[in-house]
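>
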Amino acid sequence: MKLCSACLLGLECRYDGKSNLEKASEQLLQEFRNGEIIPVCPEQLGGLPTPRSGARICSGDGNDVLDGKTHLLTDDGQDVTKQFIKGAYGVLKIARDLRIREYIGAQKSPSCGWRYTQGGLKERKTVEGEGVTIALLKRNGISIRLDK
Ligand code: SF4
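Counting from 1, position 86 in the sequence shown corresponds to residue 668 in this note's numbering; the numbering is continuous, with no gaps.
#1: Report the three-state DSSP secondary structure of residue 580 (helix, strand or coil).
#2: Could you have a look at residue 661 and say whether DSSP puts it in helix, strand or coil?
#3: In angstroms, rounded to a whole number, what distance separates the CA positions of residue 619 and residue 613?
#4: Strictly closer than 6 Å from CB to any heavy atom of the ligand SF4: give me those residues in the order they appear in the chain.
#5: Should residue 603 be labelled buried (16 or more other beta-carbon atoms within 10 Å of its own) or exposed?
#6: Measuring CB to CB, does residue 677 end up less than 9 Å from residue 648?
#7: Alpha carbon to alpha carbon, how far is residue 682 from residue 655? Give it in angstroms, no decimals.
#8: Kindly indicate which three-state DSSP category residue 701 falls into: helix, strand or coil?
#9: Please state whether the Cβ-Cβ distance between residue 639 and residue 687 is less than 9 Å.
#10: What does the alpha-carbon distance come out to for the pair residue 610 and residue 705?
#11: Can you give the Cα-Cα distance for residue 642 and residue 616, rounded to whole angstroms?
#12: Shortest alpha-carbon distance to residue 699 belongs to which of 715, 650, 685?
#13: Determine the extent of the alpha helix (DSSP H) in which residue 644 is found, giving its start and end residues.
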């Protein structure tokens, strides 16, 4: 069993109320249909609504958020650091409770991004680094995979 960013599997949980289904491979969707994957959305698990304002990590990446060195702000200036951390720990709890060792992430997300996330001091842009959930899962020995 694996966990996967829910937006990749067609759930419309993205900040703009859309999904990332067009970015999913046929192999991933087949694994989902086979019952091998559980979809999760850390931002929803953290209590954020959908749709919601886009968010960015103001400096560094998700590791710096976990270490208390930076925070997340939405496009309309709200601090959503607590919600992002809560959602990341929610995903970790599911992984631990179900003994899941693999997470399939979505690219360029401030939560689920691996290699690229959303950053920027004044406005949101794609930057190198990991999202908050990916950083937490990696610290806890969960392997991360990108679909393609
Ligand atoms: S938090 Fe993750 S699962 Fe939720 S919409 Fe963003 S990329 Fe998709």
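C-beta atoms are modelled at their ideal positions from N, C-alpha and C, and glycine is treated no differently.
The short version:
#1: Past the edges of the chain, shown from 583 to 730, lies residue 580, and the structure says nothing about it.
#2: Residue numbering aside, residue 661 sits at position 79 when the sequence shown is read from its first letter. Three-state result, residue 661: strand.
#3: Residue mapping note: residue 619 aligns to position 37 of the sequence shown, counting from 1. Residue mapping note: residue 613 aligns to position 31 of the sequence shown, counting from 1. Spanning the two alpha carbons is a distance of roughly 6 Å.
#4: Residues with a Cβ closer than 6 Å to any heavy atom of the ligand SF4, in chain order: 587, 588, 589, 595, 596, 623, 624, 625, 688, 691, 693, 694.
#5: Translated into positions along the sequence shown, residue 603 becomes position 21. Its Cβ having fewer than 16 others within 10 Å, residue 603 is exposed.
#6: For this step, residue 677 is matched to residue 95 along the sequence shown. For this step, residue 648 is matched to residue 66 along the sequence shown. The answer is no: Cβ separation not under 9 Å.
#7: To locate residue 655, count along the sequence shown from 1; it is residue 73. To locate residue 682, count along the sequence shown from 1; it is residue 100. Residue 655 and residue 682: Cα-Cα distance of roughly 30 Å.
#8: By 1-based counting over the sequence shown, the position of residue 701 is 119. The answer is strand: DSSP assigns residue 701 an E or B state.
#9: Position 57 of the sequence shown, counted from the first residue, corresponds to residue 639. Position 105 of the sequence shown, counted from the first residue, corresponds to residue 687. Contact flag unset, no.
#10: Sequence index remark: in the sequence shown, residue 610 carries index 28 (1-based). Sequence index remark: in the sequence shown, residue 705 carries index 123 (1-based). Their Cα atoms are separated by approximately 33 Å.
#11: As a first step, residue 642 is located in the sequence shown; it is residue number 60 there, counting from the start. As a first step, residue 616 is located in the sequence shown; it is residue number 34 there, counting from the start. Using only the alpha carbons, I get a separation of about 38 Å.
#12: For the purposes of this step, residue 699 is taken as the residue at position 117 of the sequence shown. Ranking the options by Cα distance to residue 699, first place goes to 715.
#13: As a first step, residue 644 must be located in the sequence shown, where it is residue number 62. It spans 644-648 - the alpha helix (DSSP H) in which residue 644 sits, taken as one unbroken run.
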